Amino acid sequence: MEKILGNSEIAEMIPFDLSERLLLFPVRHHSPVCSYQLVRTINEYKPDIVLIEGPENANNLIPVLTDENTKLPSAVYYYYKDSKKLVSESAEDYKCYYPFLYSSPEYNAMKQAKILGIPSEFIDLPYCDILINTAEQKGLRKNTEKHSYADDSHLTQSKFYEKICEETNVRSFDEFWEKYFEIAGIFLTPEKFVKQLHTYCIITRLETSEDEMKTDGTFARESHMSQRITEAMQKYEKVLVVTGGFHSLGIYKLISDGKIKSPKLRKIPENLHGCYPMAYSYESADALHGYASGMSFPYFYDTVINKLLESNSPENVYNNLTLDLLVQTAKQTNKKDIPVSIADITSAKTLMDGLSALRGSRECGMYELFDGVTSTFIKGEKTISSSLPLDILRKLATGKGVGFIGDKTHVPPLITDFEEQSKKFRLKIKDVIPNDIEVPLFTTQKGMELSRFLHRMEFLETDFAIMKKGPDLHNNKGRSRVREEWRYKRTPNVDASLIDHTTDGFTIEEACSTMAVKKLHDEMRCVSAAQVAVDCFLMGITLKKTELDLIDEILTADGDFFSVGKGLGFFEMLYSLQALYGFTDFSSLDYIRQCFEKLIISLPSMVNVASERADELISILKSMYSITGNILTSELPVFEQALITMTQSADKEPSVYGAVSGLLYAVDSSRRTDAETAMRGYLMGSTEIKKKGAEFLKGLFCTARDIILSDDSFLQMTDKLITEMEYDDFLEILPSMRLAFSYFTPSEIQDTAKSVAEFHSVEKKDILSTQAVDENMFVFGEELDMEICKIIGI
Amino acid sequence: MEKNLIKPPVEVRYADELELLAKYDNGKRPENWKLSPKAVRTFILGGKVKTDEGNVEISRKFYGNDALVERCIITLAGNRGLMLVGEPGTAKTMLSELLSAGCCGVSTNTVQGTAGTTEDMIKYSWNYALLLSKGPCRDALVPSPLLVGMEKGIFARFEEITRTPAEIQDSLISVMSDQILNIPELADDGFVFARPGFNIIGTANTRDKGVNEMSGALKRRFNFETVEPVKDVRLEKQIIIREAQNLAKAGHIDMPVDVDAAELLAVTYHELREGITDKGTRIDKPSAVMSTAEAVSVYYQTISHAWYYGDGQVDLNVMTENLLGAVCKENKDDLEKLKSYFRTAVKEKGKVGGLWKKYSETAKLLK
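Printed below as a string of structure tokens:
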């Protein structure tokens, strides 16, 4: 292998001569050996300018990235809104990251230039122009979850590498790269190293089709970079160019042939594209590896470059760092109650040394370390559960840190506000470990403020925080809970989402307010508008008059009874919680009135609603009754009249009829006889009519269960309904009857059972099971129910 | 040793390769090893050896995980034993034989673990006639493979260690810790010290792990390697073809290998083992062991039938009948699972015609 890589004939296609005015330095993104050799080369070559592969519209961010207070991993976040349809007809929004680690050669080039007091510049096409010059599903337009500018797919997915893996007995490109470049490369002179890298990259490039390089934007980008290099050579005496190794041959040929046809740059309005510096995480830098962008184990390789740059000799750097990591893995594994002894560590180290000797590697790398841990720390069969030591090692090597942008000049104000708020509430945002926090809502003002901040971050869809427990006002459930439990975690996605909201406001509160307005503009239904109102309530954001008018318009225009009915429920909830949440919102009462008036008009026609929507209607009726009792008391007579009109309809849905009869009884107890008459009517009918009687009872007990408790007449009718029914018919009505009695309290059921027992002259104990359900069994039953609901999707 | 055996030991079967490797091996060797670790790697995983007459190809004998083989070799050069665990039929025994033959030139120094294995089978026993006539002395001692390994500085192989009762397994602990075996009956002459090169290779089926779980103390003295079934269907096909060829040669069956039929079998075993077809359809996994070794056995039976009873061509009906016998051994449900596999996956593949269509038509034999 060493012979192939050392093939001077291929490597000399691109000269590496320190006496020349132009020096092309090939790199692999995030490679410590490339950084190490690059720093040595810069110090020896002493260029007048360093040109770096990277979209040039981020040139103003170079001082931010090299600021002494900036901590890596950090990234440049590029975005482009294709509203002018220059990329495609679908007018999509595009974004990508350009991550920088301490091991990134591009970062070391900028840093070294700063130390030497010379300029450094990015020379690639601006992000939007790269997209314009790239075909669909190619390069940065590939449909992947994350886009990274630092794409190594040409190097890592070539056929050449597959052949190399076969020939060199390595498992993957990464193992090959570590063995032949990262470890072997640090012991070479920069010249020899560059020749080897050129050889690999040139062979890879010669295996890539011209069509591939045209469609993925390679040619356009290389032309532009060559143009910028030529311009720099006119201005500066010595120019050092740092690009991905794959591009070196293309750029060199273009410059030496002098046939550069740089693509014309498009004039894009400032508001449609841009770039920002942002904190990045090791975890994300590693995750990108899955998309052939950069290297795995970023934290480990960062420690490698730091060690290389601070020591005089590269000797034993890998041996020592892998040993450190081995010991850390052993410590962490022991903490997880998996015993790892000193003897195990010694045995692992012996194995690692033996393997590196067997494999012809000068020092132990990550793959020897993984092999050592696999053999010595896993006692027994290797399974998912027994592989914990490997998981620990992987996490340690990946790293959990998050970067920091020291110079805030170019940091979007939303991120600054996010960091300030996080500091104010003492939230841990310096690593990517998920944190749990309990937020008391009503004991301190700070608790409520924190809750609002977290709800705001959730509303902006940043993935920063998820509420695990607490009042679920969006579903009007759990209102009695007094605290919220949240899990939060800062990832680069949080920063990226906040950057996406940059145009929505200077603070998170402003952005939320803008987003709420945008949402309202998109909504057509009362219930959706009410949900936005709930969001604002939770976030503590007061809507302005124009937005309130917008809700007003939505309510007026919405002709869906159920949408308005549900909206009424939400507005009633917000009205009643105002004092508790310390959030005064004078608009809720108006909306309640407006919804109520709309519902009253349609109510009589709803009595023959389809049976599958009967429960929703009953719920709305209960809300309306509740509102007439405490908020709109003057509307009670109107409501009562509407109910009476409903009972007079010829075609009535039985459960709705039951609920209406119950409500009328609640308004005026003398109407009990009307309900009794209605029930008798069902009892006198055919079997099919009797079955509807069960539905009637369900509705009746839902709104007025005390009707059965005042005397025995309803109970006797219920008893008659059940006893006169055939067994199969009884089974049919059983679900409705069970639901009907679910509105009763346990003691009421006991009393009812006692009365029924007396009708049949039997003891209560003979018909009522008194044995308590075991608590664990009950919990198990609940969990089972939830699982079933999940499976059947309800 | 005579080569005309059903299964000659590895060191006899590959004597030429071992000799060649030893001759041109310039690497450093652990004391008493016949080959250097690099040469052992080449012996097991194949490669080229530079000789005076040019490069000579060494055949690959173990497929799947090259890094695992490397770890095994380095483990054996150290002070810990090697324990190979995994599903039945994943070539654990073959690997331990290859390692023994490669490193020590001997693969037959073996203890076969069973429920009836006793401590004297692991340590030593006596020739009672000599014991009675001469009293306790070295002549009357019958050394176990472990004792032989210690004295000669070679590996002792312990097959199916978890079938052996736990207390018997634990008799290895002191030997592995102290590298010494005390024979009290021989008084002062009773100390046997292990010579450099001695080590132990154990194998254990993960399906048997519940029978006699190894103690923590013993586990600590081994490095564990999990040998997994071959994940690549193409590789599995190659293994079936190669092993069947070897078996056929040993059985004097002079018949060309039917590559397409081997592929059918490789795909069938792979899909039933993984519980998913190449189209992504989930299928029920049989409880029977669906190893590559079983597939080789089914294929060998099929070609034997063709050689002795048929026209020298693989008959898919016979292959399906053999498959039925191999899969449906213990659990009645396995028959239904196999039928279901033929009804769904095989039938689907048969839609394009060819051999798969003929194969799907043999489903009627699954009763």
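One line per chain: the protein sequences are A and B, in this order. Going by my numbering, the letters in the first sequence line up with residues 1 to 794, in that order. Going by my numbering, the letters in the second sequence line up with residues 795 to 1161, in that order. We treat Cβ as the ideally placed atom computed from N, Cα and C, and that holds for glycine. Since the structure is predicted, the reported quantities are computational estimates derived from the model, not experimental observations.
- Counting along the chain, the unbroken alpha helix (DSSP H) around B:Cys-897 starts and ends at 886-898.
- Its chain contains Ala-694 as the residues whose beta carbon lies nearer than 6 Å to that of A:Met-737, once the 5 sequence neighbours on both sides are disregarded; these appear in chain order.
- Residue-level contact check: A:Lys-382 touches chain B, since one or more beta carbons of chain B fall below 8 Å from its beta carbon.
- As computed with DSSP, A:Pro-277 is found in a beta bridge with A:Val-76.
- Per DSSP, B:Leu-1058 is one residue of the alpha helix (DSSP H) stretching across 1053-1068.
- For B:Arg-835, the three-state secondary structure derived from DSSP is helix.
- Any Cβ of chain B closer than 8 Å to the Cβ of A:Gly-365 would place that residue at the interface, and such an atom is absent.
- Within the region 1008-1021 of chain B, contact with chain A at the beta-carbon level (separation under 9 Å) is assigned to Met-1008, Gly-1010, Lys-1013, Arg-1014, Phe-1016, Asn-1017, Phe-1018, Glu-1019 and Thr-1020.
- The beta carbon of B:Ile-867 falls within 8 Å of a beta carbon belonging to chain A, placing the residue at that interface.
- Secondary structure of B:Gly-984 (DSSP, three-state): helix.
- A check of alpha carbon separations from A:Val-527 across A:Glu-509, A:Asp-324 and A:Ala-557 identifies A:Ala-557 as the nearest.
- With the rule of 3 Cβ pairs closer than 8 Å, the region 438-447 of chain A counts as touching the region 475-492 of chain A.
- B:Cys-898 is the residue among B:Thr-1114, B:Thr-1156 and B:Cys-898 whose C-alpha sits nearest the C-alpha of B:Gly-991.
- Distance from the CA of A:Asn-43 to the CA of A:Ala-397, rounded to the nearest whole angstrom, comes to 30 Å.
- Contact between the region 61-75 of chain A and the region 110-120 of chain A is established, with three or more Cβ pairs separated by less than 8 Å.
- Beta bridge pairing from DSSP links A:Trp-177 with no other residue.
- According to the DSSP secondary-structure assignment, B:Gln-906 is paired through a beta bridge with B:Glu-953.
- Within its own chain, the residues whose Cβ lies closer than 6 Å to the Cβ of A:Phe-16, once the five positions on either side in sequence are excluded, are Glu-191 and Val-194, listed in chain order.
- In the DSSP assignment, A:Asp-785 falls within the alpha helix (DSSP H) that extends over 775-792.
- Contact holds between the region 605-622 of chain A and the region 555-569 of chain A, because three or more Cβ pairs, one in each stretch, are under 8 Å apart.
- Take A:Phe-300, set aside five residues on each side of it, and the residues of its chain with a beta-carbon closer than 6 Å to its own are Ala-397, in chain order.
- Every alpha helix (DSSP H) stretch that sits fully inside the region 288-322 of chain A and reaches 4 residues is listed by chain position as 298-310.
- Around the C-beta of A:Thr-723, fewer than 16 other C-beta atoms lie within 10 Å, and the residue is accordingly described as exposed.
- If you look at A:Tyr-682, you'll find it in the alpha helix (DSSP H) that goes 672-684.
- By the criterion of at least three beta-carbon pairs nearer than 8 Å, the region 381-399 of chain A is not in contact with the region 255-272 of chain A.
- Contacts with chain A (Cβ-Cβ distance below 9 Å) from the region 1065-1078 of chain B involve no residue at all.
- Distance from the CA atom of B:Val-936 to the CA atom of B:Asp-983, rounded to whole angstroms, is 15 Å.
- The bridge partners DSSP lists for A:Val-239 are A:Leu-22 and A:Ile-49.
- Scanning A:Leu-715, A:Tyr-665, A:Glu-178 and A:Tyr-107 for the CA closest to the CA of A:Thr-752 turns up A:Leu-715.
- B:Arg-874 and A:Met-366 have their C-alpha atoms roughly 22 Å apart.
- No Cβ-Cβ contact shorter than 8 Å links A:Leu-22 with A:Tyr-45.
- In summary, A:Tyr-127 is buried, with 16 or more beta-carbon neighbours lying within 10 Å of its beta-carbon over all protein chains present.
- B:Asp-860 has a beta carbon lying within less than 8 Å of a beta carbon in chain A.
- Nearest CB-CB separation between B:Thr-884 and chain A: not below the 8 Å threshold.
- If you ignore the 5 residues before and after A:Glu-178, its C-beta comes within less than 7 Å of the C-beta of Gly-365, Met-366 and Tyr-367, all in its own chain and listed in chain order.
- Within the region 832-848 of chain B, those residues whose Cβ lies closer than 8 Å to any Cβ of chain A are, in chain order, Lys-832, Arg-835 and Leu-839.
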